[in-house]
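For the sequence shown, the positions run -25 to -1, 1 to 122 when mature numbering (1 follows the signal peptide of the UniProt record, and there is no 0) is used.
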Amino acid sequence: MILPVWMRCLGLAAGVLTVAGVSQAQESAESAAQRPLAPLPNVTPSHSAVAAGIPKWSQFPTPPADIPTVAQFGQRVKTQTAASDKLATEVRALVWDKEQPEPYAAAAIARINPVYLKPVDAVMSVEDIERLAEGLRRRAVPPPVAD
């Protein structure tokens, strides 16, 4: 395959730049090995300057006095464990009913006044409902207008 002229020139330029970069890196590594290291400054901090940034033992806060001892901490753990075990025992003693809910619902409905379970039109006639609604509309007072 014959490449266009511009691609050949581009490839040649890339090769030249690669060789130049490698030789420059080699040269800088050799020259760095020959150069002496820069001397370190002869400055050491004074004792007072170092001590000025460090607090003295008298400046540290006193340790708290109300820290529980190992025995007290162990007693608290035992108390908490006993409370947890007691709760687990109470939960295990609960009767979890896995039966159908219909018998429970029937027992609850039996305790309710049967008048409240009927539809409204079975308890009141349409005229009674209309009279009740009209009376409620007459007594209704609109809320005050917001400013």
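Even for Gly, the Cβ is constructed at its ideal location relative to N, Cα and C.
Secondary structure of residue i, DSSP reduced to three states
| i | result |
| --- | --- |
| residue 132 | Here the chain covers residues -25 to 122 and nothing more, so residue 132 does not appear. |
| Asp122 | coil |
| Ala40 | coil |
| Asp72 | coil |
| Pro94 | coil |
| Ser100 | coil |
| Ala85 | helix |
| Pro78 | helix |
| Ala108 | helix |
| Ala46 | helix |
Integer-rounded CB distance, given that residue j should sit under 8 Å from residue i
| i | j | result |
| --- | --- | --- |
| Val90 | Val98 | 6 Å |
Straight-line Cα distance separating residue j from residue i
| i | j | result |
| --- | --- | --- |
| Lys93 | Gly110 | 23 Å |
| Trp47 | Thr54 | One point to set straight first is that residue 47 is Gln, not Trp, in the sequence displayed. Distance between the alpha carbons of Gln47 and Thr54 is about 10 Å. |
| Arg86 | Gln75 | 19 Å |
| Thr44 | Gln50 | 10 Å |
| residue 129 | Glu77 | This structure cannot settle anything about residue 129, because the visible part of the chain is limited to -25 through 122. |
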